[in-house]
Amino acid sequence: KGTKYGMKIRDGICLPNGVINLSYSKCFSLRDDDILISSFPKSGTTWTNELVWLIIHNLDYENSQKNVDKKFIWLDPGIPTKIIDDANSPRLFKNHLPLQFLPSDIKSEKIKKIYVLRNPKDMLVSTFHFYKKLVKDEFTGEFKDLVDLFEEGKTWYGPWWSHVDSFVDLPNTFLVIYEDLIKKPNETIKSLGEFLGKNLSDAEIEFLIESTSFKKMKDSENTLKNDPKHSSIFRSDLVFFRKGEIGDWKNYFDEKMSKRIENVN
Ligand code: A3P
Numbered sequence: 014k015g016t017k018y019g020m021k022i023r024d025g026i027c028l029p030n031g032v033i034n035l036s037y038s039k040c041f042s043l044r045d046d047d048i049l050i051s052s053f054p055k056s057g058t059t060w061t062n063e064l065v066w067l068i069i070h071n072l073d074y075e076n077s078q079k080n081v082d083k084k085f086i087w088l089d090p091g092i093p094t095k096i097i098d099d100a101n102s103p104r105l106f107k108n109h110l111p112l113q114f115l116p117s118d119i120k121s122e123k124i125k126k127i128y129v130l131r132n133p134k135d136m137l138v139s140t141f142h143f144y145k146k147l148v149k150d151e152f153t154g155e156f157k158d159l160v161d162l163f164e165e166g167k168t169w170y171g172p173w174w175s176h177v178d179s180f181v182d183l184p185n186t187f188l189v190i191y192e193d194l195i196k197k198p199n200e201t202i203k204s205l206g207e208f209l210g211k212n213l214s215d216a217e218i219e220f221l222i223e224s225t226s227f228k229k230m231k232d233s234e235n236t237l238k239n240d241p242k243h244s245s246i247f248r249s250d251l252v253f254f255r256k257g258e259i260g261d262w263k264n265y266f267d268e269k270m271s272k273r274i275e276n277v278n
């Protein structure tokens, strides 16, 4: 359809072209205090990562602004296992791979899992803008073409539904819902803190809301773009912190497309 973009299908999963060796993610052992943050891309992963890092590091905002790329271990399958093994505890993993590609002990009651979920319609709008800025094989279609691909499970790390399904029922898993973070941040962050073993005060919650606001995080956009890994994948005019809102989908979906998304399974 002339809607090329950088993906390939491997073991029934749609992967970015750069992802080479899936077995990597099975080649290391988990520690009991590991924390794994998983999501479908464009669901609010970066925001959640930031909140979790701050919560487990006693709201150390100053240090959170340094070594941005060293705060999390991005569990893409190209990562050398040495980096994983040498990392200090508690290790914080960021991951988009579906569950079946992760070490099997991830299912254990001991390991804390956080899954980030967003209305797939808004997630798709965010994805649309993202794919258009790929350096190689950027998405050239219209929005409705992306909806077609989504339905077929052909957006990165798709199919979406089985991705969500594989994580949400795991033991010791906290579900971060993007819309909850926006609509009821105090309550959501309080529960996230409790899940991570911290009893956050009201003042601490306010601090977390303020220091991870869309505006504050957008200020770090350039740091993110300076990461060479990032610039090899995305064009410099990518706006990563784009809108940060609920409901932008209404500007992209007609009723028919909207119904199709609601029926994807
Ligand atoms: P939009 O493109 O709709 O703006 P991910 O981190 O999983 O790739 O998700 C990126 C999406 O989360 C983008 O959505 C981005 O703007 C939004 N986002 C990132 N930080 C945010 C924040 N602090 N508040 C609200 N939305 C945020």
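Every letter in the sequence shown is one number past the one before it in UniProt numbering, and letter 194, counting from 1, is 207. Glycine residues also receive a C-beta, built at the ideal position from the N, C-alpha and C atoms.
Practice prompt. State the start and end residues of the unbroken beta strand (DSSP E) segment that holds tyrosine 128.
Written response: Taken as a continuous stretch (DSSP letters only), the beta strand (DSSP E) holding tyrosine 128 covers 125-130.
Worksheet entry | Cut-off 7 Å between Cβ atoms - residues of its own chain near lysine 231, not counting five sequence neighbours on either side | Taken in chain order, the residues that qualify are Phe254.
Discussion item. Shorter than 7 Å, the distance from the beta carbon of lysine 134 to the closest heavy atom of the ligand A3P, or not?
Written reply: Every heavy atom of the ligand A3P is 7 Å or more from the Cβ of lysine 134, so no.
Practice prompt. Within its chain, find whatever has a CB closer than 7 Å to the CB of aspartate 47; leave out the 5 residues flanking it on each side and keep chain order.
Written response: Excluding residues within five positions, the ones whose Cβ falls inside 7 Å are Pro103, Arg104, Phe106 and Ile124.
Discussion item. Between histidine 142 and the ligand A3P, is there a pair consisting of the residue's CB and a ligand heavy atom that are separated by less than 7 Å?
Written reply: Checking the 7 Å criterion, the Cβ of histidine 142 is within range of a heavy atom belonging to the ligand A3P.
Discussion item. Quick check on DSSP: helix, strand or coil for proline 172?
Written reply: Residue state, collapsed to three classes: coil.
Worksheet item: Is it true that the segment 53-61 meets the segment 185-203, where meeting means three or more beta-carbon pairs spaced less than 8 Å apart?
Response: Contact between the segment 53-61 and the segment 185-203 is present, because at least three Cβ pairs lie under 8 Å.
Item to complete: Report the three-state DSSP secondary structure of valine 138 (helix, strand or coil).
Response: Helix.
Worksheet item: Does the beta-carbon distance from isoleucine 127 to valine 32 come in below 8 Å?
Response: No. Outside cutoff.
Practice prompt. With DSSP as the reference, label threonine 153 as helix, strand or coil.
Written response: Taken through DSSP and simplified to helix, strand or coil, threonine 153 comes out as coil.
Discussion item. My assumption, with CB atoms under 8 Å, is that tyrosine 74 sits in contact with serine 224. Please give the rounded CB distance.
Written reply: About 5 Å separates the two Cβ atoms, so the contact holds.
Practice prompt. Over the uninterrupted alpha helix (DSSP H) stretch that includes arginine 273, give me the two end residues.
Written response: Unbroken alpha helix (DSSP H) run through arginine 273: 268-275.
Discussion item. Helix, strand or coil for valine 189? Go by DSSP, reduced to three states.
Written reply: The answer is strand: DSSP assigns valine 189 an E or B state.
Worksheet item: For cysteine 40 versus tyrosine 170, is the C-beta spacing smaller than 8 Å?
Response: Their beta carbons are not under 8 Å apart, which means cysteine 40 does not touch tyrosine 170 by this criterion.
Item to complete: From the DSSP output, in three-state form, read off proline 103 for me.
Response: It is coil, neither helix nor strand.
Worksheet item: Do you know how far the Cα of threonine 153 is from the Cα of isoleucine 22?
Response: Spanning the two alpha carbons is a distance of roughly 19 Å.
Worksheet item: How about leucine 159 and phenylalanine 141: do their beta carbons lie closer than 8 Å?
Response: For leucine 159 and phenylalanine 141, yes; Cβs fall inside 8 Å.
Discussion item. Between valine 177 and leucine 130, how many whole angstroms is the CB-CB distance? I'm expecting something under 8 Å.
Written reply: In this structure valine 177 is in contact with leucine 130, their Cβ atoms being roughly 6 Å apart against a cut-off of 8 Å.
Item to complete: Assuming lysine 134 and phenylalanine 266 form a contact by the criterion Cβ under 8 Å, report the distance between their Cβ atoms to the nearest whole angstrom.
Response: Your pair lysine 134 and phenylalanine 266 checks out as a contact, with CB atoms roughly 6 Å apart and the cut at 8 Å.
Worksheet item: CB of lysine 257 to nearest heavy atom of the ligand A3P: below 7 Å?
Response: Contrary to the premise, residue 257 reads as glycine rather than lysine in this sequence. Checking every heavy atom of the ligand A3P against the Cβ of glycine 257, one is found closer than 7 Å.
Worksheet item: Would you call proline 172 buried or exposed, if buried means 16 or more other Cβ atoms sit within 10 Å of its Cβ?
Response: Result: buried.
Worksheet item: Can you tell which of Asn199, Glu164 and Thr168 has the C-alpha that lies nearest to the C-alpha of asparagine 30?
Response: That would be Thr168, whose Cα lies nearest to the Cα of asparagine 30.
Item to complete: Return yes when at least one heavy atom of the ligand A3P lies under 7 Å from the C-beta of glycine 57, else no.
Response: Yes, the Cβ of glycine 57 comes within 7 Å of a heavy atom of the ligand A3P.
Discussion item. Closer than 7 Å to a non-hydrogen atom of the ligand A3P - does that hold for the CB of serine 42?
Written reply: Serine 42 has its CB no nearer than 7 Å to any heavy atom of the ligand A3P.
Item to complete: Evaluate proline 184 with the Cβ neighbour count: other Cβ atoms within 10 Å of its Cβ, from every protein chain shown; 16 or more gives buried, anything less gives exposed.
Response: Proline 184 is exposed by the Cβ-count criterion.
Item to complete: Work out the CA separation of lysine 146 and lysine 83 for me, nearest whole Å.
Response: Spanning the alpha carbons of lysine 83 and lysine 146 requires a straight line of approximately 24 Å.
Worksheet item: Any heavy atom of the ligand A3P closer than 7 Å to the CB of threonine 225?
Response: Yes; taking the cut-off as 7 Å, the Cβ of threonine 225 has a heavy atom of the ligand A3P nearer than that.
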